[in-house]
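Inspection log for the structure reproduced underneath, given as structure tokens.
Residue numbers (this note's numbering): 25 to 303.
Below is the structure:
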């Protein structure tokens, strides 16, 4: 394995596409944020391309302090499906969008209409409106910064479409990172798609997975669902923890009980298993 100290002397730039970035909260932002923290130790200077004022299910402004000093962050606008949804259904425009809001069984006609539009016209997901802006800004960054690599982390999987266009246009190598499955995800299977929409969604997934120079997933379970046949360019980098985040934590005092409820929507895909991991 290469020595991180020697890698610093030959720093290269990597353009990172991520929708979830501070002040976004939740688990989706953590993986990329930690990659950005440690990539410089291996000779890579991260350039962040993200969305401005994204529709996030959770907000955590405290994560802004964890962005490493000096990291260049480029944020661009987006045509947000959920912004339109909230406006036309009378919801609070400033409130975070609820997870799985369009999957509810009991819904009014407006919600059902928006659910159909989302499931069949906004493919592969509701954040599709960011893809053209991400592509345009990404090309500007590539011309200005001359990165050596494109790295894209999803969901939302629509950003992989922008990364694919950037790779094809620029000729740069491209690494696609998947924190969740695409068409095989349980929430995707629960959507009432037309046969055309389902087929188109499958084609997009196959193009992204086959054209990326390398594919990364968080577990063997996700890898099995994402890649239908073994490929040498597919790798598993599991989610972990950052030791400094816990170095100052104190041990619980005697008699103190803690509880960690499972808030993950079942079923979740665990490493090496397709069954939920019991707590």
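C-beta atoms are modelled at their ideal positions from N, C-alpha and C, and glycine is treated no differently.
Residues near residue i by beta carbon distance below 6 angstroms, same chain, minus five either side
i, result
"residue 238", "199 and 257"
"residue 186", "155, 158 and 159"
"residue 177", "42, 56 and 201"
"residue 87", "46"
Buried or exposed by the 16-neighbour rule on C-beta atoms within 10 Å, applied to residue i
i, result
"residue 51", "exposed"
"residue 124", "At residue 124, the pLDDT of 47 sits below 50, so the modelled position is not reliable; the number obtained from the coordinates is stated separately. Label assigned to residue 124: exposed."
"residue 42", "buried"
"residue 153", "buried"
"residue 171", "buried"
"residue 79", "buried"
"residue 74", "buried"
"residue 216", "exposed"
In DSSP terms, what residue i is bridged to
i, result
"residue 99", "74"
"residue 48", "83"
"residue 271", "Paired residue(s): none; residue 271 is not in a bridge."
"residue 173", "38"
"residue 1", "With the chain represented from 25 up to 303, any question about residue 1 goes unanswered, as that position is not in the structure."
Where the alpha helix (DSSP H) through residue i begins and ends
i, result
"residue 243", "Premise fails: residue 243 is in no alpha helix (DSSP H) and is neither H nor E."
"residue 190", "182-194"
"residue 165", "155-169"
"residue 233", "219-235"
Straight-line Cα distance separating residue j from residue i
i, j, result
"residue 89", "residue 46", "9 angstroms"
"residue 232", "residue 83", "29 angstroms"
"residue 266", "residue 58", "8 angstroms"
"residue 146", "residue 227", "15 angstroms"
"residue 62", "residue 140", "41 angstroms"
"residue 142", "residue 271", "44 angstroms"
"residue 246", "residue 161", "30 angstroms"
"residue 179", "residue 196", "22 angstroms"
"residue 209", "residue 66", "33 angstroms"
"residue 188", "residue 236", "7 angstroms"
"residue 18", "residue 85", "For the chain, the structure presents residues 25 to 303; residue 18 sits outside this window and is missing."
"residue 194", "residue 81", "33 angstroms"
"residue 126", "residue 136", "The pLDDT assigned to residue 126 is 49, lower than 50, so where the model puts this residue is not dependable, and the model offers no usable value."
"residue 165", "residue 220", "35 angstroms"
"residue 211", "residue 190", "28 angstroms"
"residue 204", "residue 183", "13 angstroms"
"residue 169", "residue 260", "29 angstroms"
Cβ-based neighbour list, residue i, same chain, cut-off 8 angstroms, excluding 5 preceding and 5 following
i, result
"residue 229", "148, 181, 206, 207 and 250"
"residue 76", "99, 100, 101 and 102"
"residue 64", "32, 35, 70 and 92"
Contact set for residue i: own chain, Cβ-Cβ below 7 angstroms, skip 5 residues either direction
i, result
"residue 157", "100, 101 and 102"
"residue 224", "147"
"residue 95", "60, 70 and 72"
"residue 287", "Interpretation of residue 287 is limited by its pLDDT of 48, a score under 50 that renders its predicted location unreliable; no figure is taken from the coordinates."
N- and C-terminal bounds of the beta strand (DSSP E) containing residue i
i, result
"residue 199", "198-202"
"residue 36", "36-41"
"residue 258", "258-260"
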